[in-house]
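Residue numbers (our numbering), protein chains in the order written: chain A, 718 to 1093; chain B, 123 to 163.
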Amino acid sequence: MRLTGLCARFLGLGVVGLAFLLIGGIADLGQSWTNQALAQSGGSVRPPASAKKWAPTQPGKISPKGEDAQTFGGAGDVPKTVGRQPSQPRMWRDIRRGVQGRVSIPNQRAGYLIQSQGYAWQQLRNTKVFKFGAWLLAGTVAVLFLFFVYRRRIPIDGGESGRTIERFDNLERFAHWLTAVSFVILGLTGLAMLYGRAVLIPILGKAGFAWLLMMGKYAHNYLGFAFIVGIVLMVVIWLRQNLPDKYDIPWLLKGGGLITKGHPAARKFNAGQKMIFWSVVVIGGIIAYTGVMLMFPETETLADKQGHQYWHAVLALIMIAVIIAHIYIGSLGMKGAFQAMGTGHVDENWAKQHHSVWVAEVTGKDDKAPAGGAAE
Amino acid sequence: MKAFLAGCVAAVVIAVVAALVLGGLDMSSADVFKMAQSVRL
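Here's what the structure looks like:
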């Protein structure tokens, strides 16, 4: 039995390696789509009309007329700090189109003065991704609130038995909490990066926000590795139990017992929990991959980096929404569920209600559940 | 509770080790500091 378990864990390790290769491939594919979308956004090398102009609106002492007029090949005013130079519209037009100059520092990519796709990426991040995340997270909280109003806290049918059964051992709970703690901090610091200007600056002021974001950036960068270790551990421990089985389709057809009365049978993990597991592994894996790529600026082009940043943000927002729902159903939404990860032991009636097949496997008794089980 | 605390401690330890390793490898993008002495700006 021990040998079988050991083999399963080694198999899990192999699958982790393959999964990360697959995730890398998926991320690169998605990134190439993003790059194409960014490149096609208007096709112009000039910034969109809505882009911020970084130069002052008053052109300073430089006259816009006459032979010294500064055109710089595009929109925008001349900053006050720019001295008089001969007009070089062709040079600036070429720079806007991505012509690379030569530099004497090791990073040859510094030879690009302007990467015009950056304007499209900035607009995408600051408008569409910004709104998508706000609506997604607010919508998730609203749906959960309505669900709570409709269903209240899901009780243990027949009440607590007073007898407990071990649901998760120390290693399982350690892997869960390692991943959970790191993800919560990563999520909060990531949200601060995306929404901090709008939400936190009015509360903390610019200096306070700058300090918080600097600390947040360090935490975000380095805790990312704790999150990766957590994902790998969870795959090694739980992969086999999260493979599809014959109970999943009936469980999904009955909505996991969340909407209707009656609880479908399930093994250790029901179909809802398996969906969360695979979300963490696949979406979390892509988030981890793109995050690591963002940490090493020398390894990719700016366009690659913008694609990685886009997918990192969008998938992280989706992941945060999934985890908010997971936290709800594992604590407030269902009586007796938190003990599974809290103490590792759950009430026997709870276990029979939500994981009747697993209880029969563990105890060797083919007990019928009091009623059946919902997702947690 | 012990598993939760162990998870917190492990997260901090892994983050610190990552910071030390990456800091030691000098992965910063400010590679202007790695310029060869013979290079002139």
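We put the beta carbon where it would ideally sit given N, CA and C, even for glycine.
Exercise. For TRP894(A) and chain B, any beta-carbon pair shorter than 8 Å?
Worked result: yes
For this session: List the whole-angstrom C-beta distance separating GLU1017(A) from ASN824(A), where the pair is believed to meet the contact cut-off of C-beta under 8 Å.
Result: Actually they are not in contact, since the Cβ atoms of GLU1017(A) and ASN824(A) sit about 12 Å apart, beyond 8 Å.
Exercise. List, in order along the chain, the chain B residues whose C-beta lies closer than 9 Å to that of ASN887(A)?
Worked result: LYS124, ALA125, ALA128
Exercise. Thinking C-beta only, is SER833(A) closer than 8 Å to GLY815(A)?
Worked result: Remark: C-beta atoms of GLY815(A) and SER833(A) approach each other more closely than 8 Å.
Exercise. Which residue from ASP965(A), TYR1006(A), VAL998(A) puts its Cα closest to that of GLY989(A)?
Worked result: ASP965(A)
Exercise. For the putative contact between PHE864(A) and GLY1061(A), defined by C-beta atoms under 8 Å, what is the C-beta separation to the nearest angstrom?
Worked result: Not a contact, Cβ separation roughly 27 Å.
For this session: Would you tell me roughly how many angstroms separate the C-alpha atoms of LEU705(A) and ILE812(A), rounded to the nearest one?
Result: This structure cannot settle anything about residue 705(A), because the visible part of chain A is limited to 718 through 1093.
Problem set entry | Residues near ASP962(A) in its chain [Cβ-Cβ closer than 8 Å; skip 5 each side] | ARG984.
Problem set entry | Any chain B beta carbon closer than 8 Å to VAL1094(A) | As displayed, chain A neither begins before 718 nor continues past 1093, which places residue 1094(A) out of reach and without an answer.
For this session: Would you be able to state if there are at least three C-beta pairs under 8 Å between the region 126-140 of chain B and the region 895-908 of chain A?
Result: yes
For this session: For chain A, find out if any of its Cβ atoms is closer than 8 Å to the Cβ of ALA140(B); answer yes or no.
Result: yes
For this session: Using a cut-off of 7 Å between C-beta atoms, extract the partners of VAL946(A) located in chain B.
Result: ILE136
Problem set entry | Proximal chain B residues relative to GLN898(A), where beta-carbon distance stays under 7 Å | The sequence as given places Val at residue 898(A); Gln does not occur at that position. Near VAL898(A) (Cβ distances below 7 Å), the residues of chain B are GLY129, CYS130, ALA133.
Exercise. For ARG890(A), which residues in chain B fall below 7 Å Cβ to Cβ?
Worked result: ALA125
Exercise. For ILE882(A), which beta-bridge partners are listed by DSSP?
Worked result: Here ILE882(A) is bridged, per DSSP, to VAL1063(A).
For this session: With 9 Å as the C-beta to C-beta threshold (strictly closer), list the residues of the region 828-849 of chain A near chain B in chain order.
Result: none
Exercise. Quick check: the region 877-891 of chain A against the region 904-918 of chain A, are there 3 or more CB pairs under 8 Å?
Worked result: no
For this session: Mind checking which residues open and close the alpha helix (DSSP H) that includes ARG868(A)?
Result: First-last of the alpha helix (DSSP H) with ARG868(A): 847-868.
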